[in-house]
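Engineer: The structure's right below; bear with me while I get my questions together.
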Amino acid sequence: MSVASVGRFLYFAYGSNLLKERLQLKNPSATFVSTGRLKDYKLRFGFWGENVQSCWHGGSATVEFSPGAEVWG
């Protein structure tokens, strides 16, 4: 069964996107399925890359590859 055939997909959320109401702002049909662990990745804050001058330098987060680490979402 493919994603296209059922019109559904799994989404790994972390940080503020774990809040159901926030996720449903963009996708009202979203439903909680389960918690999950992303192996070999870590949570990183303040990631703004090359856009240092034009981006907010607050607590935005991303996940990045890190052998042996894990992120729960």
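Each residue of the sequence shown is one higher than the one before, starting from 1 at the first, in the numbering used here. Virtual Cβ for every residue (Gly too), placed ideally from N, Cα, C. For clarity, every value in this text was computed on a predicted model and none was experimentally measured.
#1: Tell me, which residues are paired with residue 70 by DSSP?
#2: Rounded to the nearest angstrom, what separates residue 35 and residue 43 at their Cα positions?
#3: Can you give me the start and stop residues for the alpha helix (DSSP H) that residue 25 sits inside?
#4: Taking the CB atoms as reference points, tell me whether residue 130 and residue 22 lie closer together than 9 Å.
#5: Tell me residue 30's beta-bridge partners as DSSP assigns them.
Structural biologist: Answer, in terms of the structure:
#1: Locating residue 70 in the sequence shown gives position 70, where the first residue counts as 1. Residue 70 is bridged to 39.
#2: The residue labelled residue 35 in the question sits at position 35 within the sequence shown. The residue labelled residue 43 in the question sits at position 43 within the sequence shown. CA-to-CA, the gap between residue 35 and residue 43 works out to about 16 Å.
#3: Taking the first residue of the sequence shown as 1, we reach residue 25 at position 25. 20-26 is the extent of the alpha helix (DSSP H) around residue 25.
#4: Since the first residue shown for the chain is 1 and the last is 73, residue 130 is missing from the structure and cannot be characterised.
#5: Indexing the sequence shown from 1 puts residue 30 at position 30. The partner list for residue 30 (beta bridge, DSSP) is empty, contrary to what the question assumes.
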